[in-house]
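J.: Residue numbers (this note's numbering): 15 to 250.
The beta-carbon is built from N, C-alpha and C at its ideal position, and this holds for glycine as well.
Note that this is a predicted model, so its numbers are computed, not measured.
Could you have a look at this structure, given as structure tokens, before my questions?
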Amino acid sequence: MRKLNIIALKIILISLINCGFIYANAKNELSIGIAVGNGIMENVKGMHTPVTGNPGTNVKGLVLDDDSLNTIYSISIDYNKYLNDNLYLNSGIAFARHETVDTSITFDGGYNSDFPNIHFRGLALELGPSYRFNKISNFTPYIGLNASTFLGFQSDTNYGLSSGNYGEGGAETFVKCFGVTPNLGFFVNSGFFKGYGISIENLILECDNEHTRSMTDGYEADFNIVQYRIDYRIPL
């Protein structure tokens, strides 16, 4: 996790330094987009009570038998600051909702347990450089790499010991994730669809979250989601 956070910090610092040396004039853009996606939640571990095959209250790892983590929607607003002929600085904010599926989990040691679906909702913040290639016909392709964070809440944390069903309801818990998001895409330069674009982005996050169910002291997990975004660019 420490290495990924260092990479994210370097991207932010390099982008801000470049931004400070180069002045933009009427070439900046505002971009509005919406995305959906599919991915996985993996490397889940946290302090857990005893289970068969893994006695004692200690840090336990587990695997979701269906580890799907899907982006239900991600609505974004981005500001693209012109730096030079090919380079832009992208900064963005998105309101996103992700969810797992109803499945089961297998603990270290082999014990299996039900795992109802959970929802994550919150704000995704991104900052990083975006490089635009020369035009190909009526399209401009680009690639980018953003430092990313996701801050929000997780639903369905109920342990189910004293009341209610396990994994249904319960107090929402805080979710804090950091990582990187490489992306590539293109947008249209002229004609009826001028300003519209399509991109693919890979959201790679390491999360340190608060309590969930029987992991009452919090847990760690990795999110890896490929998102497909449609956006519209407005010149400023």
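#1: Comparing alpha-carbon positions, which option in Y242, S204, C191, S228 lies nearest L219?
#2: With three or more beta-carbon pairs closer than 8 Å as the criterion, would you say the region 87-100 touches the region 69-78?
#3: Classify R243 as buried or exposed, calling it buried when 16 or more other Cβ atoms lie within 10 Å of its own Cβ.
#4: What are the boundary residues of the beta strand (DSSP E) that E56 is part of?
#5: Compute the distance between the beta-carbons of T171 and R227, then report whether it is under 8 Å.
#6: If distances are taken between C-alpha atoms only, which option among G142, S127, F201 comes closest to G181?
#7: Do you know how far the Cα of S82 is from the Cα of N68?
#8: Could you compute how far the alpha carbon of G106 sits from the alpha carbon of S90?
#9: When the Cβ atoms of the region 222-239 are set against those of the region 198-206, are three or more pairs found closer than 8 Å?
#10: Can you check whether the CB of F188 is closer than 8 Å to the CB of E215?
#11: From the DSSP output, in three-state form, read off G70 for me.
#12: Tell me where the beta strand (DSSP E) around I132 begins and ends.
#13: What's the C-alpha gap between L139 and S213?
T.: Taking the coordinates as given:
#1: Nearest of Y242, S204, C191, S228 to L219, Cα basis: C191.
#2: Flag = no, the region 87-100 and the region 69-78 do not touch.
#3: Buried.
#4: Taken as a continuous stretch (DSSP letters only), the beta strand (DSSP E) holding E56 covers 43-62.
#5: Going by C-beta atoms, T171 is nearer than 8 Å to R227.
#6: Nearest option by C-alpha distance: S127.
#7: Near 25 Å, if we compare the C-alpha coordinates of S82 and N68.
#8: About 7 Å.
#9: Segments in contact, no.
#10: Remark: C-beta atoms of E215 and F188 do not approach each other more closely than 8 Å.
#11: Correct three-state label for G70: coil.
#12: First-last for I132: undefined, no H or E at that position.
#13: Their Cα atoms are separated by approximately 17 Å.
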